[in-house]
Each structure stands twice: as structure tokens, then as C-alpha cells.
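Right, one structure below, let's go through it.
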Amino acid sequence: MANCSGGRSKACEIAAELKINKLKRLFLMKRILLNAIFLIVYFLLSYCSLYSISIYPYSYKVIEKQNKGSQYIIFQKESEINYLLQDPSSGCPEQIHSWSGLEKSNSISTIISDGITLSSFICDSLLCILKSQSDGYFCYVLKPNLKIISKIRLDYDAVFSFKSNIKWAKESGDCCLYLLFDRTLFYIDIKSGAEAEILEKNVVDFLPLQNKKSYVYLTGSDFAVDMYLSQKSGEEKFLARLLFSGEAMLKKAGNHFAVLTSISNEDLTVIEIIDKDKGIISLSDIAAKPHFVQIDDQDPALKIFFLSKSDEEYCLNILNLKDINNAGNWIQTETPKDLVEPLCIKLIDEDIFLFFRNGIITINKKGKIESVDYIAIAEIMSQDFTPFYSENLLLLSSSAGSILLQKESNNFWFLNRFYEQLGKILIPLILLIIILIIHQLYKHQKRLLNAVLNLPTTGICLVLDKQNKLINANQKAKELLNIGDNIPFNRAVDYYCAAPHLEPLKDLCRKANMLRSSFNQRVSLIQDEEAMEWYCNVTSLSSFFGKYRGFVLTGIDLTEELERKRINNWAQFAHELQTNLSVLRLNSEMLQLEESEDNLERKKRIIKQIKIVTNKVRDIVHVGRSDKLEVQKTSPAEIIEELKNEFDLSIYENLEFQFQIVHFFFDCDKQKLTRALRNAVENSIRAIKNVKRKGIITFKSWEDGRFAHFAIQDNGEGMSDETQKKILRPYFTEYKKQGGAGIGTMIMQRVMEMHGGRLSISSELDKGTETVFSLPLKQ
Numbered sequence: 004m005a006n007c008s009g010g011r012s013k014a015c016e017i018a019a020e021l022k023i024n025k026l027k028r029l030f031l032m033k034r035i036l037l038n039a040i041f042l043i044v045y046f047l048l049s050y051c052s053l054y055s056i057s058i059y060p061y062s063y064k065v066i067e068k069q070n071k072g073s074q075y076i077i078f079q080k081e082s083e084i085n086y087l088l089q090d091p092s093s094g095c096p097e098q099i100h101s102w103s104g105l106e107k108s109n110s111i112s113t114i115i116s117d118g119i120t121l122s123s124f125i126c127d128s129l130l131c132i133l134k135s136q137s138d139g140y141f142c143y144v145l146k147p148n149l150k151i152i153s154k155i156r157l158d159y160d161a162v163f164s165f166k167s168n169i170k171w172a173k174e175s176g177d178c179c180l181y182l183l184f185d186r187t188l189f190y191i192d193i194k195s196g197a198e199a200e201i202l203e204k205n206v207v208d209f210l211p212l213q214n215k216k217s218y219v220y221l222t223g224s225d226f227a228v229d230m231y232l233s234q235k236s237g238e239e240k241f242l243a244r245l246l247f248s249g250e251a252m253l254k255k256a257g258n259h260f261a262v263l264t265s266i267s268n269e270d271l272t273v274i275e276i277i278d279k280d281k282g283i284i285s286l287s288d289i290a291a292k293p294h295f296v297q298i299d300d301q302d303p304a305l306k307i308f309f310l311s312k313s314d315e316e317y318c319l320n321i322l323n324l325k326d327i328n329n330a331g332n333w334i335q336t337e338t339p340k341d342l343v344e345p346l347c348i349k350l351i352d353e354d355i356f357l358f359f360r361n362g363i364i365t366i367n368k369k370g371k372i373e374s375v376d377y378i379a380i381a382e383i384m385s386q387d388f389t390p391f392y393s394e395n396l397l398l399l400s401s402s403a404g405s406i407l408l409q410k411e412s413n414n415f416w417f418l419n420r421f422y423e424q425l426g427k428i429l430i431p432l433i434l435l436i437i438i439l440i441i442h443q444l445y446k447h448q449k450r451l452l453n454a455v456l457n458l459p460t461t462g463i464c465l466v467l468d469k470q471n472k473l474i475n476a477n478q479k480a481k482e483l484l485n486i487g488d489n490i491p492f493n494r495a496v497d498y499y500c501a502a503p504h505l506e507p508l509k510d511l512c513r514k515a516n517m518l519r520s521s522f523n524q525r526v527s528l529i530q531d532e533e534a535m536e537w538y539c540n541v542t543s544l545s546s547f548f549g550k551y552r553g554f555v556l557t558g559i560d561l562t563e564e565l566e567r568k569r570i571n572n573w574a575q576f577a578h579e580l581q582t583n584l585s586v587l588r589l590n591s592e593m594l595q596l597e598e599s600e601d602n603l604e605r606k607k608r609i610i611k612q613i614k615i616v617t618n619k620v621r622d623i624v625h626v627g628r629s630d631k632l633e634v635q636k637t638s639p640a641e642i643i644e645e646l647k648n649e650f651d652l653s654i655y656e657n658l659e660f661q662f663q664i665v666h667f668f669f670d671c672d673k674q675k676l677t678r679a680l681r682n683a684v685e686n687s688i689r690a691i692k693n694v695k696r697k698g699i700i701t702f703k704s705w706e707d708g709r710f711a712h713f714a715i716q717d718n719g720e721g722m723s724d725e726t727q728k729k730i731l732r733p734y735f736t737e738y739k740k741q742g743g744a745g746i747g748t749m750i751m752q753r754v755m756e757m758h759g760g761r762l763s764i765s766s767e768l769d770k771g772t773e774t775v776f777s778l779p780l781k782q
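Numbering (the working numbering), first residue to last: 4 to 782.
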């Protein structure tokens, strides 16, 4: 077609178009055939995944389902005692049934006709039922023979909200219970029958301790809670104040306590470890809701388990508390994709149970999947279910129904796993042979059309031959090159890239034909003062015998993605500012008029937070300003003097400034350069705070005839090699707890770029850091 000219050119174009369309149809038929094969294989594998659960060591099989109410099983030495509370909403009176063993022998029943059952609990084979009756709220205690041994009144006369949480807990060693009912904490002696004792009011959550009437609890509003330790003697000890706007949960964490708080409508849980003597000793966060987080309080390293979601896939993360910010040390286990809508996770004995809407997964503490079973949990039970496990029996009990399952060993699961994995190897191998046969028949045409047909709609695709002629292009590429229906292909790429803004794309095509190899490169196209960032991939094409035939150039527009990332970064930074402002607000609200040590301390906190916020806002304003430089002639002495005045040495303990200034004149934007140098000094001050020796920050300046050089040198803690590799990344900082946001280094780099200079940072661990700014003497 390249040799067609004159009146024959139109006929050549039509012939070429017909040939391409024919090849497209052939390749489309092959793709349909391959897709059919893949669909068949996919459904076979899905079927195996759904029903061949024996590829794991264990499985849980359903023994019984109850759709009538909550079922509890108390496991004793010789037999099990079962309770069943029938739901009155089914149209029947509220009944309680009791029997022994799975065979339901010795079955008896009774009715407590008055009132509505709000909740129930098992304590030492006794069934405790909380009921709302016409004359108040009562806790009934029944033996396995359903004889009522006590009826305990709760001193509570408000209208109960059914949306309120009810929580039971047994006191260690005695037949006594704690009951959190509508944010009131009661203490119940279930055998004495005495009226329940009110321990605390306005309680968010509680946790019983080993000693009698000893517990910790959270109390407060919807924005902040206080944590207290209450002991039998009646003494109360304040432990910590915590901020939250969603859920708050108390858990045991070894010899400490863990408080899990969340932000409403956010997949984020803040974990705060509290010591009864030291207060808050650790604060961190993970990307999961509190009911998807479990803590192993028996593990000395405080092992944490949480379920996260990424791209519609769920993953169990196992980590020690000290590694919470080091994802490289986490154990991560992906769950099967066909399990949907997780309900909760529970740590039972040595396994982690993941409950989904349509199944259950058990994973050991090493991250190995022990069982996967597909059970329609949500069709039988409500989401407030409670799991019970003992003697290889798993009971899921809720107010709507219950499921009883038995754990079974799969003796030949290794063989099943082997066959399952072998099938996954053989089937792709067969498909690969088919593809190679197709490749032999239509090698060149298949390569070209495959690149076009498989390109995402958001990208461009250009097919060029070894003479740099454009053979084909997708619709997105035609729009970019302004190729209409009346413009033919098979011309040099320079013809289509004649517009000035397409010059970088033309250079990339020339480079591709020179290198004749595959590579990636970013290309910036600027048209009408609007910049577009493209990520391009060049894939070389060769014949069956390896002869170079041309290349395929694909590109993805990153402009929108980069803009979205910038917006997200600023949103995160705004969130950090909000945290500082919250501290200011809380301390301001607590500040009293009279002078006291507490008020002086709060004033110091407010001043510190105001300074942090002021610096951050100043950084935001600087980053958001115009790129235009306000150049003026100045000297290092003027710059250093202005910089020195921004710091008050009296507020820094054991810190000294030293100066090694050489006098000369140079051009710069004084305000921007001073701001960049200030950020370097702030970094040095932070580094010096973490060492015990006297801190020295040295200001240096010199010139070499072409460049003016400024250096900020300190004798602080220095940086590791790993940190030095990351230090110039946007928003990277090691001082988040000290108010750092990672913007300072960005400002230093940006100011040097605007001046046509460069920034270099050298550091040695435990010795110090030197930051050097180099910019041309003339602008």
C-alpha cells in the first residue's frame, strides 16, 4: 500500500481497510473461542472452590438450624445442656426449651408470659434472661430444669431504646454478673436475688477485672470519653481521656488495656494502649472498623488481627503492635473472592474466625487457612449473633435463629489440594498451546490487532512499522492526532504530529525506532497552556524468526489521576490541621480564669499547637503561591539575619547557633529563599531534640563564581540510609508526632527549582545532617 499513488490511492485504502476488517473478524472468532474456553474453565474452578472444601485441613458441617430464637449450649463433662428461647414474633407465646445432648433427650419447656425478652446470657450453666415487664425491668435466673431460682429487679425507670447495646460479663470465680443496660452498669448477684446494684451511669463500655467488683469503664459524650479504674474499695482512678466520634470498645491487652475508637462512616480504628499507672503509652491506627479488629491479650507481643478490603478483595492482616507502622512485617492472608459482606471476626482459642454473609473461614495465627465453608449465615440469623465453641462444636446464636456446626478433619486434603493445583497448571498449559498455534497462523496480524483491541478506552494506541509509518490507531489516538475519516494511514508519523504540542510524541516515536526495544516513558503534551501527562509504553514487534517489524505505542492519560492524588494529599493535610485545632479547642474549653499550674500547662499546649498550625498554614500559603519570582539583589548576611530573627533561642534548651558567613551579592527571591532555609533549620531542631548532647546548628554561605551556596548543618540524630533514600519524596516525614507534614522538604525543592538551583542532603546516623542549597548568582 505504501507504493500506491494518484487515482489508485483510494482503491488501495479500501483494499487495506477490507484486509484489516477481515483479519479483525478472524481474530475476533479466535478470541470468542478462547473466551469460551476460559469461561468453561472459570466455572469449573469456581465449582471446585465452592464445593470441594476438602482442599483445607478442616471443615464445619451444619448439624442443625433453628429459626425460632436464640440457642445456647452449655458444655459439661459428660453431656451438653441446650437452651432455646422461642421468638414470640412468630405468633407463638414466648417459650423456653431445655434438653440434654444433640439427641434432645429429657426435653422440657416453660413460659414466662409477662413482658418482652430483651437479652439473655449463660452463667455457669444458668440461663439469665433480661425482660421488660409492666412493673419494670427484671433479670430471671433459671436452672437447666427451667426452675426459676431468682427474679432480680433493675432500678431503671426510663424508656429503653431497642437501639441501645446490651452487654453481659461474668465476674471471675463468683455467680455474679455485670450488665450494661442503656448506658447504665449494673452488678447482679444471680443467686441471692437481691436488687441489682447500679455501679455507674453514662457508660460507653466496660471490662471486668480479676478482683471482685473491680473493672475499668469508659464514660462520656459522643466526642470524648474518660477511662476510669474502679476497685472493690470504692476507689476510682482516672486513666485517660480519649477522643472519638463513632464506636468505642474496651479490650484486654496483656497487662494493659486497649481502647478501640472509630470515626463515623470511616474504615479507620484508632488503637490506644493504656497502662493503669502511666496512662496512654501507645497510639496507632489501622484501616478497619472496630468489629473487624481483634487483639490477642495472651500474646506478650500483643498480636493484632484485622480484616481489610482492597479492590473488592478481603485480606486478614496479622501483626504485632510494635510493627503496626511496618507493613513489611505483617502476615497477610487473602480470603476467597466468592465470600462477600464480612459480618465480624472473632478470636476463639488458637484460630481466627472470619464470618461472612455466605460463609465462614478459620485461619491460624500463622496466617494459614484451616477451613473454608459456604453457609448462608445471613438468611438464618441477625447480625448480632454470638459464637460459642467447645469440643469441636461451633454454635452461632442470635435473636432471630441459630446454627450448630461440627468441626471435621479432612484426611486427604493434601491430595485434594495437589489435584486442585495441578488442574490450575494443566488448563493454562493447554490454553497456552492453543495460543501458540494461533500465533503460528496469524502471528503478525494478531500482534497488531491484539494491541488495539485490548487497549483500555482511556488510552491511546499507535501501530508503526520499522520505517516509522503509522499503520493503525485507535479512536483515542485519532482524536489526539486530529486524524479524520478523510486522512489515510501509512504515512510517516511526522505528517500526523505536525502540531507543535505533539513534538514530544514525535520524538518518542523516533527514539523507539532507534532503540528497537521495549521501554516506558512519560510524555508531557502542552496545548493552549493546558498540560497533559501521558505514561507511554513502547512494545517492539518482531516476526516469528525475530526480525524487527515495528512497534506498538500505548499511552495512558495520568492527568486526572495525578490531580486526584494532589487533592487527596491536601485533604489528608487538612485532616492533620483539624487534629491540632481540636487540641486547641479542648484545652481552651478547660481553661479557667484563675492562675494555676494546670492552666499554665494548658497555655503552653495552646501556644505550641498555635505555632504548629501557624507554620503549617504558612507552608500551605507558600506552596499555593504563584511560580513567579520577585528577584532582588541581596547578600548572605541579610538572608541569615532575617532567618535568625525567626527563631527564639530562649525557648530551646541546650541549643546554639554558629555562623560561617562569606560576604557577596547575588540575585534571589528573598522571601522564598528564607522560607526554604527556615524549613531546613526546623528539621535540624527536631533532629537535635532527640539527642542528649548540646545541639549546634551552623549557618554557612559561600560562592564559587557561578553559584551561591547556603548550608544548614546540625549535630542531631542524623538519618539512616533508608531514610535518606526517601527524604526527597513528597510528603515524607519522620516527625509526624512533632507536627511534621512532609511539606517542608517539598518547599525546599520547589524553591531551588524556581531559582534554577539544586538541593542536596547528606547525613550520618548519630552524627548529624547537612542540607546544602545551591542557586545561580544571577537570575
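Here a beta-carbon is modelled for each residue, glycine too, at the ideal position from N, C-alpha and C.
As computed with DSSP, His666 is found in no beta bridge at all. Across the set Gln213, Leu212, Leu232, the C-alpha of Leu232 shows the shortest separation from the C-alpha of Leu221. Beyond the five residues adjoining it in sequence on each side, Lys204 comes within less than 6 Å, by CB distance, of Thr187 in the same chain, given in chain order.
Under DSSP, Ala534 shares a beta bridge with Ile529. Your pair Leu768 and Gly721 checks out as a contact, with CB atoms roughly 4 Å apart and the cut at 8 Å. With fewer than 16 neighbouring CB atoms inside 10 Å of its own CB, Gly282 falls in the exposed class. If you check the CB distance, Glu685 and Gly747 come in under 8 Å.
If you check the CB distance, Glu316 and Glu337 come in under 8 Å.
Straight across, the Cα-Cα distance linking Phe710 with Ala495 is about 45 Å. Secondary structure of Asp560 (DSSP, three-state): strand. At a Cβ-Cβ threshold of 8 Å, Ser374 and Tyr140 do not count as neighbours. Here the alpha carbons of Ser135 and Asp192 stand approximately 19 Å from one another.
Here DSSP, grouped into helix, strand and coil, assigns Ala251 to strand. Using a 10 angstroms sphere on the CB of Ala291, the tally of other CB atoms reaches 16 or more, which defines it as buried.
Phe209 and Asn168 have their C-alpha atoms roughly 12 Å apart. Ranking Leu518, Gln716, Tyr538, Val207 by CA distance to the CA of Ser527 puts Tyr538 first. In terms of CA proximity to Lys215, Ser236 leads the group Gly196, Ser236, Val228.
Taking each of Val754, Leu245, Asn268 in turn and checking the Cα distance to Leu778, the smallest one comes out for Val754.
Separation of the CB atoms of Thr557 and Asn540 is rounded to 5 Å, and the pair is thereby assigned contact status at 8 Å. By the criterion of a C-beta distance shorter than 7 Å, Asp127 is surrounded in its chain by Cys178, once the five residues flanking it on both sides are discounted.
Looking at the DSSP output, Phe358 shares a beta bridge with Cys347, Ile363.
Excluding five sequence positions before and after Val144, the CB atoms of its chain that fall closer than 6 Å to its own CB belong to Leu129, Cys131, Ile152, Ser153, Ile193, given in chain order. Secondary structure note for Pro211: its beta strand (DSSP E) is the uninterrupted segment 206-211. Look at Ser400 here: in three-state DSSP terms it is strand. Take Ile321, set aside five residues on each side of it, and the residues of its chain with a beta-carbon closer than 6 Å to its own are Phe308, Ile334, Gly370, in chain order.
Note on geometry: alpha-carbon atoms of Asp341 and Thr389 lie some 24 Å from one another. The C-alpha of Glu238 lies about 38 Å from the C-alpha of Ser73.
The beta carbon of Asn70 sits closer than 7 Å to those of Ile383, Gly404, all from its chain and outside the five residues before and after it, given in chain order. Per the coordinates, the alpha-carbon of Glu600 lies some 57 Å from the alpha-carbon of Glu536.
The C-beta distance from Leu467 to Cys500 rounds to 11 Å, too long to fall under 8 Å, and the pair is not in contact. For Glu269, the closest of Gln530, His294, Phe124 by C-alpha to C-alpha distance is His294. DSSP places Tyr551 in the strand class (E or B) of the three-state scheme. About 7 Å separates the Cβ atoms of Ser57 and Phe415, confirming a contact at the 8 Å cut-off. Between the C-alpha atoms of Asn367 and Gln386 there is a straight-line separation of about 24 Å.
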